[in-house]
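Numbering (the working numbering), first residue to last: 287 to 582.
Set out below in structure tokens:
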């Protein structure tokens, strides 16, 4: 069992955390993960949390049956005869922290606002470069199910300049429902599929550190990160924009926010749904249209 609490949690970090843990309240994440994933998540927390603070409590094989870590917090863990206790700040130290002002100039705040606006799709750059990704899977559980296809488009100045697509070999036959939904068969995976590690590494090479656009990005990222764990390679941590969340803020007269529903609502032509590259093209067109809309 693990519990992580974060104040002033950046959107990018929230995406990492919700890929593995359940958010039960604002800034409170709980779940069951292995030690390697726990260490990777905590490293990301420490990298992302600049102005806020974070605390992690997790099960441990010690006398207390638990261990904890803090980041940017006033209370500090100390060792006391083999027990980990929390040292409260003194009154004088608390006053020093209270009197210490941290902030940014108005110019810096405006610059940060423009950068944030760009990353959530509110201010597309004339020289914008990003990738659109889509992942097809054989189920909905990233811990138990597998990626069967990854697709991506490279976009520069609104134009597609490259693409990546690969089927992935799976250890077990595909459910008939998945074959009907995607059109991907066991024969296709046997003949055209590649080993998971080879596909993930090739995808990472294609993506680089570019901004990612996806529809329901947490789903895609959770499977990619699960694949990273299986292959024992570093997590995929690119900054992302979720067209699902963007659509929720800009469209309010649709029955749901599924990709197919939004495409039909906005007169976007769908060549073939539930295949990675075709879905990437749909997401790209959806993103273009959403960027021209105002918040509702």
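Every residue gets a Cβ at the ideal spot worked out from N, C-alpha and C, and that includes glycine.
Test item: CB-CB of residue i and residue j under 8 angstroms
| i | j | result |
| --- | --- | --- |
| residue 489 | residue 434 | no |
| residue 479 | residue 442 | no |
| residue 522 | residue 514 | yes |
| residue 292 | residue 331 | yes |
| residue 359 | residue 339 | yes |
| residue 268 | residue 570 | Nothing in the structure corresponds to residue 268, since the chain is present only between 287 and 582. |
| residue 469 | residue 555 | no |
| residue 342 | residue 318 | no |
| residue 486 | residue 519 | yes |
| residue 532 | residue 548 | no |
Buried versus exposed, by CB contacts within 10 Å (16 or more), residue i
| i | result |
| --- | --- |
| residue 438 | buried |
| residue 475 | buried |
| residue 491 | exposed |
| residue 567 | buried |
| residue 326 | buried |
| residue 430 | exposed |
| residue 426 | exposed |
| residue 587 | Outside the displayed range of the chain (287 to 582) lies residue 587, so it cannot be described from this structure. |
| residue 428 | buried |
Cutoff 6 angstroms; reference residue i; Cβ partners in own chain excluding five residues on either side
| i | result |
| --- | --- |
| residue 385 | Residue placement at residue 385 cannot be trusted, given a pLDDT of 48 that sits under 50; the coordinates are not used to answer. |
| residue 302 | 330 |
| residue 296 | 334 |
| residue 501 | 529, 530, 545, 569 |
| residue 503 | 526, 528 |
| residue 551 | 540 |
| residue 304 | 504 |
The beta strand (DSSP E) enclosing residue i, as first and last residue numbers
| i | result |
| --- | --- |
| residue 435 | 433 to 442 |
| residue 554 | Where residue 554 is concerned, there is no enclosing beta strand (DSSP E), given that its DSSP letter is neither H nor E. |
| residue 448 | 445 to 453 |
| residue 310 | 308 to 311 |
| residue 422 | 415 to 423 |
| residue 506 | Careful: residue 506 lies outside any beta strand (DSSP E), inside the alpha helix (DSSP H) at 503 to 517. |
| residue 497 | 497 to 500 |
| residue 371 | 369 to 373 |
| residue 526 | 526 to 528 |
| residue 342 | 340 to 345 |
| residue 317 | 314 to 317 |
Element boundaries [alpha helix (DSSP H), containing residue i]
| i | result |
| --- | --- |
| residue 353 | First-last for residue 353: 352 to 357, but that is the beta strand (DSSP E), not the alpha helix (DSSP H). |
| residue 491 | 482 to 493 |
| residue 287 | Unbroken run through residue 287: none, as it is neither H nor E. |
| residue 576 | 562 to 576 |
| residue 331 | 321 to 334 |
| residue 349 | Taken as a continuous stretch (DSSP letters only), residue 349 belongs to no alpha helix (DSSP H), as it is neither H nor E. |
| residue 476 | 472 to 478 |
| residue 297 | 297 to 304 |
| residue 463 | 462 to 468 |
Cβ-Cβ separation, residue j to residue i (assumed contact under 8 angstroms), whole Å
| i | j | result |
| --- | --- | --- |
| residue 576 | residue 536 | 6 angstroms |
| residue 465 | residue 456 | About 12 angstroms separates the two Cβ atoms, so there is no contact after all. |
| residue 289 | residue 306 | About 13 angstroms separates the two Cβ atoms, so there is no contact after all. |
| residue 496 | residue 524 | 7 angstroms |
| residue 509 | residue 447 | That belief does not hold up - the Cβ atoms of residue 509 and residue 447 are roughly 26 angstroms apart, past 8 angstroms. |
| residue 440 | residue 417 | 5 angstroms |
| residue 483 | residue 432 | Not a contact, Cβ separation roughly 13 angstroms. |
Close beta carbons around residue i, own chain, < 8 angstroms, minus the five adjacent residues each side
| i | result |
| --- | --- |
| residue 364 | 370, 371, 372, 373 |
| residue 396 | Confidence is the limiting factor: at residue 396 the pLDDT is only 49, short of 50, which leaves the residue's position unreliable, though a coordinate-based value still follows. Closer than 8 angstroms at the Cβ level, and outside the excluded window around residue 396, lies no residue. |
| residue 534 | 543 |
| residue 580 | 536 |
| residue 313 | 291, 292, 293, 295 |
| residue 388 | Reliability of the predicted coordinates at residue 388 is poor, the pLDDT of 48 falling under 50, and no value is obtained from them. |
Nonlocal neighbours in the same chain, by C-beta distance under 7 angstroms from residue i, ignoring five residues either side
| i | result |
| --- | --- |
| residue 353 | 344, 346, 370 |
| residue 493 | 417, 438, 524 |
| residue 461 | 424 |
| residue 541 | 547 |
| residue 298 | 334, 525 |
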